[in-house]
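Chemist:
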Amino acid sequence: MTDSRRWLLYVRANQNEPTDIPWPLATPRQDALGREIVRSIQQVQFGENATGRHFLDLARRHGRATGDADFPEAIALFIAEEQRHSALLGRYLRLAGSRCLDRHWIHSAFRRLRHLGGLEAKVTVLVVAEMLAIPYYRALMDVARCPALEAICQRILREESQHFLFQGNTLRRLQRGRSRTYVALVHLAQELQLAGTSLATW
Ligand SMILES: [Fe+2]
Ligand SMILES: [Fe+2]
Numbered sequence: 012m013t014d015s016r017r018w019l020l021y022v023r024a025n026q027n028e029p030t031d032i033p034w035p036l037a038t039p040r041q042d043a044l045g046r047e048i049v050r051s052i053q054q055v056q057f058g059e060n061a062t063g064r065h066f067l068d069l070a071r072r073h074g075r076a077t078g079d080a081d082f083p084e085a086i087a088l089f090i091a092e093e094q095r096h097s098a099l100l101g102r103y104l105r106l107a108g109s110r111c112l113d114r115h116w117i118h119s120a121f122r123r124l125r126h127l128g129g130l131e132a133k134v135t136v137l138v139v140a141e142m143l144a145i146p147y148y149r150a151l152m153d154v155a156r157c158p159a160l161e162a163i164c165q166r167i168l169r170e171e172s173q174h175f176l177f178q179g180n181t182l183r184r185l186q187r188g189r190s191r192t193y194v195a196l197v198h199l200a201q202e203l204q205l206a207g208t209s210l211a212t213w
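Quick note: the sequence shown, position 147, residue 158 per our numbering, numbers continuous.
(1) Tell me which residues pass a beta-carbon proximity test against ligand 1: closer than 5 Å to any heavy atom, given in chain order.
(2) In the DSSP assignment, find the unbroken alpha helix (DSSP H) run with residue 27 in it and report its ends.
(3) Determine, using beta carbons only, whether residue 134 and residue 48 come nearer to each other than 8 Å.
(4) Count the CB pairs spanning the region 169–187 and the region 141–152 that are closer than 8 Å, and state whether there are at least three.
(5) Is the CB-CB distance between residue 198 and residue 130 below 8 Å?
(6) Indicate whether residue 161 and residue 92 have their beta-carbon atoms separated by less than 8 Å.
(7) Whole angstroms is fine: what's the gap from residue 97's alpha carbon to residue 60's?
(8) Look at residue 136 and residue 89 and say whether their C-beta atoms are less than 8 Å apart.
(9) In terms of residue numbering, what span does the alpha helix (DSSP H) encompassing residue 142 cover?
(10) Once the 5 residues before and after residue 33 are set aside, which same chain residues still bring their CB inside 7 Å of it?
(11) What would DSSP say about residue 83, mapped onto helix, strand or coil?
(12) Determine, using beta-carbon pairs with one atom in the region 100–115 and one in the region 50–69, whether at least three such pairs fall under 8 Å.
(13) Given a cut-off of 8 Å on the beta-carbon distance, is the pair residue 117 and residue 37 in contact?
(14) Give every residue of the same chain whose Cβ lies closer than 7 Å to the Cβ of residue 86, excluding the five residues on either side of it in the sequence, and list them in chain order.
(15) In whole angstroms, give me the CA-to-CA distance for residue 44 and residue 19.
(16) Which value, in whole angstroms, describes the spacing of the CA atoms of residue 81 and residue 64?
(17) May I ask you to report which of helix, strand or coil DSSP gives residue 108?
(18) What are the boundary residues of the alpha helix (DSSP H) that residue 69 is part of?
(19) If residue 39 and residue 107 are in contact, beta carbons under 8 Å, what's the gap, nearest whole angstrom?
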């Protein structure tokens, strides 16, 4: 079985809407930290809601060029999974009496970075975002003090760990045949991006 087929089977099997979120138990924190939590969820909710049109287009082209027909569908379902994260966070924001953002400078900067190159550049940037999602949702879960938000974070964390593996695997495949110097330079660029984005996330 190819890597793309394996990931496709995973995302297909994971398409169910979460039924384990105790929405009636949503009790958003009302203190100063609660307000910070809402502000940070607003940014992340917006980021999770990317349409992924450019990504999907690149994935289709890659699928055609390499004969990897499963890859575009795996990417389409991966994007849909991210949008489900956004929908969960959006519902929580509404319960918290807040609203969803329609723009944010961090995401505009990220979008510009991702659009700089082809599929490989896009996945290179994405892997770092997936890596940062894990400590973010863990931290959110730790301070939530709300059963609904904790359940949302648990669900998203399970999926983000898979995304990290999926995109790491994709990047490794895209880099096959690249020189060691090239891969070392990409790693250096990723470390710089990780440092900058960690600071912005913090
Ligand atoms: Fe996500
Ligand atoms: Fe993700």
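C-beta atoms are modelled at their ideal positions from N, C-alpha and C, and glycine is treated no differently.
Given the structure is predicted, the values throughout are model-derived calculations rather than measurements.
Modeler: A quick look at the data gives this:
(1) 59, 93 and 96
(2) In the sequence shown, residue 27 corresponds to position 16, counting from 1. Note, residue 27: premise wrong, no alpha helix (DSSP H); not H, not E.
(3) As a first step, residue 134 must be located in the sequence shown, where it is residue number 123. As a first step, residue 48 must be located in the sequence shown, where it is residue number 37. No. Outside cutoff.
(4) yes
(5) Counted from its first residue, the sequence shown places residue 198 at position 187. Counted from its first residue, the sequence shown places residue 130 at position 119. Their beta carbons are not under 8 Å apart, which means residue 198 does not touch residue 130 by this criterion.
(6) In the sequence shown, residue 161 corresponds to position 150, counting from 1. In the sequence shown, residue 92 corresponds to position 81, counting from 1. Not a contact, by the Cβ cut-off of 8 Å.
(7) Your numbering for residue 97 matches position 86 in the sequence shown. Your numbering for residue 60 matches position 49 in the sequence shown. About 5 Å.
(8) As a working note, residue 136 is residue 125 in the sequence shown. As a working note, residue 89 is residue 78 in the sequence shown. No, these two residues do not count as a Cβ contact at 8 Å.
(9) Mapped onto the sequence shown, residue 142 falls at position 131. That run of the alpha helix (DSSP H) goes 130–155.
(10) Position 22 of the sequence shown holds residue 33. Excluding sequence neighbours, residue 33 sits near 158, 159 and 162.
(11) The sequence position of residue 83 within the sequence shown is 72, counting from 1. If DSSP states are grouped into helix, strand and coil, residue 83 belongs with the helices.
(12) yes
(13) For the purposes of this step, residue 117 is taken as the residue at position 106 of the sequence shown. For the purposes of this step, residue 37 is taken as the residue at position 26 of the sequence shown. Not closer than 8 Å, so no.
(14) Here residue 86 corresponds to residue number 75 of the sequence shown, with the count starting at 1. Excluding positions up to five away in sequence, the list reads 66, 67 and 70.
(15) As a first step, residue 44 must be located in the sequence shown, where it is residue number 33. As a first step, residue 19 must be located in the sequence shown, where it is residue number 8. If I take the Cα positions, the gap works out to 39 Å.
(16) On the sequence shown, position 70 is the one that residue 81 refers to. On the sequence shown, position 53 is the one that residue 64 refers to. Rounded to the nearest angstrom, the two C-alpha atoms are 17 Å apart.
(17) Counting from one through the sequence shown, the residue named residue 108 turns up at place 97. Residue 108 falls in the coil class under three-state DSSP.
(18) As a working note, residue 69 is residue 58 in the sequence shown. Residue 69 -> alpha helix (DSSP H) spans 64–77.
(19) In the sequence shown, the residue the question calls residue 39 occupies position 28. In the sequence shown, the residue the question calls residue 107 occupies position 96. With 8 Å as the limit, residue 39 and residue 107 qualify as a contact, their Cβ atoms being about 4 Å apart.
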